[in-house]
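If you're matching them up, the sequences are chains A and B in order. Residues in the first sequence are numbered from 222 upward in steps of one, following the working numbering. Residues in the second sequence are numbered from 27 upward in steps of one, following the working numbering. All residues carry an ideal CB built from backbone N, CA and C; glycine is no exception. All values derive from a computational prediction rather than experimental measurement.
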Amino acid sequence: MTPQDHFLVVAPVAAGKEAALRTLLDSMNAEPGMADPRNGVLPFAQFDKLHFARLALLDDALQADLRAHGVEPKRLATCLVFIGDCDGPADEVLADLAERAGPGLVLLFGHCEGFGDASQLLAWMRAHERRSAASFINWAGRTVRQIREESALQRALAARVPRRPLAAGEAERVRRELAAWVGSEVGGGRLSLTPPAPTPLGWQLAKLANLVLVPLVGIVVLPLLIVGAPLFVILLRTREERDPEICPRPIAADLEALQVLEDRDITNQYTALGAVKPGLFRSGLLTVLLALTSFACRQIFHRGFLARVQTIHFAHWFHFADEGRVVFVSNYDGSHQGYMDDFINKVGWGLNLLFSNGVGWPRTRWLVQGGSRIEQKFKYYQRRHQLPTQVWYKAYPGLALVELKRNHRIREGLEQATMSDARAQAWLRLL
Amino acid sequence: MSTALPVELDDIQGLVRFGYKHHTEASYLLLRVIDRDAARRWLAAVPICTATSVEPPPETALQVALGSEGMRALGVADAIVDSFAAEFVTGMANDANRARRLGDVGVNEPSRWQWGAGARVPHVLLLLYALPGKLAGFQSAIEAQCAAGFELVDCLTTSDLDGVEPFGFTDGISQPLVDWQRKRPAQDGERGDYSNLSCLGEYLLGYPNEYGGYTDRPLLDADLAGPRLPRAEDAPDRADLGRNGSYLVLRQMRQDVHGFWQFVDRCAGGNPGLRDRIAAAMVGRSRDGVPLIGPADEAIEGGGAPGDRNAFTYRADPHGVRCPLGAHIRRSNPRNADLPPGRPGFVSWAMRTLGLDGEALDRDLVASTRFHRLLRRGREYGVGVPVEQALAGPPVSTETGLHFICLGASIARQFEFVQNAWAVGVHFDGLPNESDPLLGTRAPAADGTPTDGFSMPRADGAADRLAGLPQFVTVLGGAYFFLPGIRALRFLATTQMNGEPR
């Protein structure tokens, strides 16, 4: 299989160039926020390893919330971020982007501080790259090509499958007939089902090392954890009681600027930014919890679900520890309201675990209770921290994760030699 | 244990508690303010029927709801209006983003509405209910009283179709049971079973909702409001303008009865038995209201007695073989709990909570129905078309449909969520690109994929699938209102006006 990777290039916007940059970003869109896949600046569609990509501007408006903790915020420059999810190493995709969309990228990053020579584009992007602290990939190994091929397969089969009562034992015969037909379609070049590429050895080894090392570290520090638990509880609970909640209702115009970008496809984008609560306790806790999240996403949550949530394609937590900020980005199916209700009702505890380390989060108890379940405050909080995603690209418009999963099950079922009648019936129901 | 205060029924408009079923005559007046002072004077004093039970029922009942533009027209300060919910402040028709979410696109577009957009946004909604034969006199009296302060944008008439909606199906069977006694403790917690009992705070502002919290609403300086407004339960030093009030969603939906039955008849090849089965599959109940899911005899909290056509869930039918996943009533109320079903015990609970139970995950695409319930108060309009006539003749010239009304404490989490994610959502419960068989707009997906199908799953193979469903329901108008508590209404009608010196 081909592992998925991500890139994030971040750079401060040069003084006086923000307005021009915003105009340039808008010119890349076919409708508000939705990239024209063939736009002249960055023709995303030409890069067939790219699942999602976005360009957004991060401002520092909410840094002021730090004053509630008695900390005078540093003034941070507005940054341009360029984020993408891709098949295979991000480094190769960045190089490909630099080669085939060089002029457009030079134009974009030319609005950033310290961007010099166009010939240094790739080196400059690499120098401004940051890795995520944790990343969720809905289905590790599912490539753009596979998604498109399996979608075509599903359409072809759905149009061909007999839709009538079947006699006992008939389901398996129907399945085999369909499998034979698909075989001939593939042979005739009308359908394509590229076999998965071999899994890179380095990636497998790294994953295995992660699987062993993280628990090992856990075992080593376990005595410390046990000894430190009472202190941890005291530190946590006093902070939870004391930390200020900052959840005012978002300004109507800000809300409008977000909503105008939404619900133009079955999938939507989310970009949020927030300051980490000051002090070593919170930043340390966040670092550990992000490492555990990263571990869980790498080892467990890569087969269609992030705990109970099945509607996120890709999500990343970027921890800019030097600035004390976290950027969270995701691509999710359905409307914003549905996304947030899903979060609260299905994984409210998980949200609290990570985001309660952010300034202003609704009050939690024991790190997992309360917080996001305080519905009204949470909904205000997350909208207030959301930033417009100026340019957003999705390689497979119209396709939702439920379909990607189903289409893959259809293909898997096709590739089996024999099936019991009951399983063949279940497979036919997928069509 | 509950220390909850008793509910002030005499401060709540009757519609929240009653459907006024004895009042078979009703009409809805959509008004705009033309003389602020006259309008305020009238609203400050007009008698409103409350939620207190009265025997025998009054001959007539008046209910009053205000739109956000209406509040401004009455001179309510912007700071107060803007502290109502954002959806209410913006309104149903004034936001293209909202229209995309609600499926108000194509022929449903607000710019084409008969009322509800632009200069035809109603300021005030009067709901008039009357016992048989009493409406005409009541309405002309009300209109005469209103003439000084208001102009009439539209008068929506209603018809008594005897509990049957225009397509010919028994309607209004399923309603949440509102917890008027406040028996359910106001606290947050997971619910393992579907319950039809629903917290008062899901429908009335000022009371705890299903999360055990209070939905945001205007809380005012108690000194300014004085004794005219109740105090907030969760902030006793503030006056609660929202308390005992509810948001009211009104949508006029024209139903193409002829188109519906002709389409179903074509799909059935003219076979009457099959025709009825297909139509029932689209609705999820047979025409007489019996649910397709089978005998309704599950014990459901607040669900009524077994056999009352409502005592069921879809738990035993995960694939939609008995009742299609996309059937109208299954989309509108999926009747599920907070967590998909599984074995008892901590291990199963933990596995399901962490998403590690694959079977549970497949059934977890739609969850927590209790946060998305609607209290429906709509009425039919127009002349009923018998099915035989719809099948036989050309389309009748008169119009028929539904004046859909629902009440809720959160327009976004209740009406808009149900409409967006469940009714017009083309992947509801994993369905392949199809929207509600009755309500859908059939607008193609972003990649051009049609969404005009309807799947009827079968146990033994691929689902039966109807294609090419026309649009059967067209939105002709709509608006969001606030149905205030009685004291709140009087306050809004007498409060210091915008810009007036204090």
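Hey, arginine 460 of chain A and phenylalanine 502 of chain A: beta-carbon distance below 8 Å or not?
-> Here residue 460 of chain A is taken as the residue at index 239 of the first sequence, counted from 1. Here residue 502 of chain A is taken as the residue at index 281 of the first sequence, counted from 1. For arginine 460 of chain A and phenylalanine 502 of chain A, yes; Cβs fall inside 8 Å.
So, do the stretch 469-476 of chain B and the stretch 107-122 of chain B have three or more beta carbon pairs nearer to each other than 8 Å?
-> no
Any chance the CB of alanine 514 of chain B is under 7 Å from a heavy atom of the ligand SAH?
-> Ligands are entirely absent from the displayed structure, and the ligand SAH is therefore not among its contents.
Which residue's Cα is closest to the Cα of threonine 532 of chain A: B/His453, B/Asp486, B/Asp180?
-> Here residue 532 of chain A refers to the residue found at position 311 when the first sequence is read from its first residue. Among B/His453, B/Asp486, B/Asp180, the Cα nearest to that of threonine 532 of chain A belongs to B/His453.
If we ignore side chains and look at the alpha-carbon of each, how far apart do histidine 649 of chain A and serine 372 of chain A end up?
-> If you number the first sequence from 1, residue 649 of chain A lands on position 428. If you number the first sequence from 1, residue 372 of chain A lands on position 151. Reading off the sequence shown, one finds leucine at residue 649 of chain A, where the question assumed histidine. In a straight line, the C-alpha of leucine 649 of chain A is about 16 Å away from that of serine 372 of chain A.
Exposed or buried, which one is lysine 615 of chain A when buried takes at least 16 other CB atoms within 10 Å?
-> In the first sequence, residue 615 of chain A corresponds to position 394, counting from 1. Classification of lysine 615 of chain A: buried, given that the 10 Å Cβ count is 16 or more.
Within the stretch 518-591 of chain A, ranges of the alpha helix (DSSP H) (whole runs, at least 4 residues) = 557-576
Roughly how many whole angstroms lie between the Cα atoms of proline 527 of chain B and threonine 521 of chain B?
-> If you number the second sequence from 1, residue 527 of chain B lands on position 501. If you number the second sequence from 1, residue 521 of chain B lands on position 495. For proline 527 of chain B, the predicted structure reports a pLDDT of 42, less than 50, and the residue's modelled location is therefore unreliable. The matter cannot be settled from this model.
Residue span of the beta strand (DSSP E) that contains valine 444 of chain B, given as start and end | On the second sequence, residue 444 of chain B is found 418 positions in, with the first residue counted as 1. No beta strand (DSSP E) contains valine 444 of chain B, which DSSP labels as neither H nor E.
Leucine 267 of chain B touches chain A at which residues, Cβ-Cβ below 8 Å?
-> Against the second sequence, residue 267 of chain B aligns to sequence position 241. Within chain A, no residue comes near leucine 267 of chain B; the closest Cβ sits about 15 Å away, beyond 8 Å.
CA-to-CA distance, valine 433 of chain A to valine 33 of chain B, given in whole angstroms = The sequence position of residue 33 of chain B within the second sequence is 7, counting from 1. The sequence position of residue 433 of chain A within the first sequence is 212, counting from 1. Cα-Cα distance, rounded: 59 Å.
Could you name the residues of the same chain whose beta carbon sits closer than 7 Å to that of leucine 250 of chain B, not counting the 5 residues immediately before and after it, in chain order?
-> For the purposes of this step, residue 250 of chain B is taken as residue 224 along the second sequence, with counting starting at 1. For leucine 250 of chain B, where only same-chain residues beyond five positions count, there are no Cβ hits under 7 Å.
Taking Cβ positions only, does glycine 500 of chain A come closer than 8 Å to chain B?
-> Here the question's residue 500 of chain A lines up with position 279 in the first sequence. Taking Cβ atoms only, chain B never reaches closer than 8 Å to glycine 500 of chain A, which makes this a no.
Would you kindly work out how many angstroms separate the C-alpha atoms of alanine 145 of chain B and tryptophan 139 of chain B, rounded to a whole number?
-> Counting from 1 along the second sequence, the entry for residue 145 of chain B is found at position 119. Counting from 1 along the second sequence, the entry for residue 139 of chain B is found at position 113. In a straight line, the C-alpha of alanine 145 of chain B is about 11 Å away from that of tryptophan 139 of chain B.
C-alpha gap between glutamine 646 of chain A and arginine 397 of chain A, whole angstroms = For the purposes of this step, residue 646 of chain A is taken as the residue at position 425 of the first sequence. For the purposes of this step, residue 397 of chain A is taken as the residue at position 176 of the first sequence. Glutamine 646 of chain A and arginine 397 of chain A: Cα-Cα distance of roughly 12 Å.
DSSP state of threonine 29 of chain B, grouped into three classes?
-> For the purposes of this step, residue 29 of chain B is taken as the residue at position 3 of the second sequence. Reliability of the predicted coordinates at threonine 29 of chain B is poor, the pLDDT of 49 falling under 50, and the value obtained from them is presented with this limitation in mind. It is coil, neither helix nor strand.
Should proline 244 of chain B and alanine 505 of chain B be called a contact, given that it needs their Cβ atoms to be closer than 8 Å?
-> Taking the first residue of the second sequence as 1, we reach residue 244 of chain B at position 218. Taking the first residue of the second sequence as 1, we reach residue 505 of chain B at position 479. No, these two residues do not count as a Cβ contact at 8 Å.
8 Å CB neighbourhood of phenylalanine 364 of chain B in its chain, flanking five on each side removed | As a first step, residue 364 of chain B must be located in the second sequence, where it is residue number 338. One detail in the question is off: residue 364 of chain B reads as aspartate in this sequence, not phenylalanine. Hits under 8 Å: Glu216, Arg217, Gly218, Ala393, Ser394, Arg396.
Euclidean distance between Cα positions of proline 463 of chain B and methionine 482 of chain B = Position 437 of the second sequence, counting from 1, holds the residue named residue 463 of chain B. Position 456 of the second sequence, counting from 1, holds the residue named residue 482 of chain B. Distance between the alpha carbons of proline 463 of chain B and methionine 482 of chain B: 11 Å.
Per DSSP, which residues does glutamine 225 of chain A bridge with? Please list them.
-> The sequence position of residue 225 of chain A within the first sequence is 4, counting from 1. DSSP output for glutamine 225 of chain A lists A/Asp308 as bridge partner(s).
Name the chain A residues that come within less than 9 Å of phenylalanine 430 of chain B, Cβ to Cβ?
-> What you label residue 430 of chain B is simply residue 404 of the second sequence in a count that begins at 1. Simply none; closest approach about 20 Å.
DSSP state of glutamate 327 of chain B mapped onto helix, strand, coil = The sequence position of residue 327 of chain B within the second sequence is 301, counting from 1. Of the three classes helix, strand and coil, the one that applies to glutamate 327 of chain B here is strand, per DSSP.
Roughly how many whole angstroms lie between the Cα atoms of threonine 420 of chain A and glycine 368 of chain B?
-> Position 199 of the first sequence, counted from the first residue, corresponds to residue 420 of chain A. Position 342 of the second sequence, counted from the first residue, corresponds to residue 368 of chain B. Looking at the two C-alpha atoms, the distance is approximately 36 Å.
For the beta strand (DSSP E) that serine 481 of chain B lies in, which residues bound it at each end?
-> One-based indexing of the second sequence puts residue 481 of chain B at position 455. From DSSP, the beta strand (DSSP E) with serine 481 of chain B extends over 480-484.
Just grab the DSSP bridge partners of proline 233 of chain A for me.
-> Locating residue 233 of chain A in the first sequence gives position 12, where the first residue counts as 1. Note: proline 233 of chain A sits in a beta bridge opposite A/Cys300.
Which of the three DSSP states, helix, strand or coil, is assigned to alanine 212 of chain B?
-> Taking the first residue of the second sequence as 1, we reach residue 212 of chain B at position 186. If DSSP states are grouped into helix, strand and coil, alanine 212 of chain B belongs with coil.
Kindly indicate the opening and closing residues of the alpha helix (DSSP H) around leucine 276 of chain B.
-> Mapped onto the second sequence, residue 276 of chain B falls at position 250. Element bounds for leucine 276 of chain B: not the alpha helix (DSSP H) but the beta strand (DSSP E), 272-281.
Status (buried if at least 16 other CB within 10 Å, exposed otherwise) for asparagine 297 of chain B | Taking the first residue of the second sequence as 1, we reach residue 297 of chain B at position 271. Exposed, since its Cβ has fewer than 16 Cβ neighbours within 10 Å.
Can you grab the Cα-Cα spacing for the pair glycine 494 of chain B / glycine 479 of chain B, in whole Å?
-> As a first step, residue 494 of chain B is located in the second sequence; it is residue number 468 there, counting from the start. As a first step, residue 479 of chain B is located in the second sequence; it is residue number 453 there, counting from the start. In a straight line, the C-alpha of glycine 494 of chain B is about 6 Å away from that of glycine 479 of chain B.
Alpha carbon of glycine 525 of chain B to alpha carbon of valine 102 of chain B, nearest angstrom | As a first step, residue 525 of chain B must be located in the second sequence, where it is residue number 499. As a first step, residue 102 of chain B must be located in the second sequence, where it is residue number 76. Low per-residue confidence applies at glycine 525 of chain B: pLDDT is 49, beneath 50, and the placement is therefore not dependable, though the value from the model is reported in the following sentence. About 9 Å.
In whole angstroms, what is the alpha-carbon distance linking glycine 320 of chain B and lysine 567 of chain A?
-> As a first step, residue 320 of chain B must be located in the second sequence, where it is residue number 294. As a first step, residue 567 of chain A must be located in the first sequence, where it is residue number 346. Those two C-alpha atoms are separated by around 30 Å.
Run through the stretch 305-365 of chain B for me and flag every whole alpha helix (DSSP H) of 4 or more residues, listed as ranges in chain order.
-> 354-358
Min CB distance isoleucine 440 of chain A to chain B below 8 Å = Counting from 1 along the first sequence, the entry for residue 440 of chain A is found at position 219. No, isoleucine 440 of chain A lies away from the interface with chain B (no Cβ there is under 8 Å from its Cβ).
Minimum C-alpha distance to arginine 405 of chain B - residue among B/Arg399, B/Ala337, B/Leu391, B/Leu428 | Numbered from its first residue, the second sequence carries residue 405 of chain B at position 379. The candidate whose alpha carbon is nearest that of arginine 405 of chain B is B/Leu428.
Backbone CA spacing between aspartate 172 of chain B and leucine 391 of chain B [nearest angstrom] = Reading the second sequence from its first residue, position 146 is the one you call residue 172 of chain B. Reading the second sequence from its first residue, position 365 is the one you call residue 391 of chain B. Note on residue identity: the sequence assigns cysteine, not aspartate, to residue 172 of chain B. Distance between the alpha carbons of cysteine 172 of chain B and leucine 391 of chain B is about 49 Å.
Cutoff 8 Å: proline 386 of chain A Cβ touching any chain B Cβ = In the first sequence, residue 386 of chain A corresponds to position 165, counting from 1. It does: the Cβ of proline 386 of chain A has a partner Cβ on chain B nearer than 8 Å.
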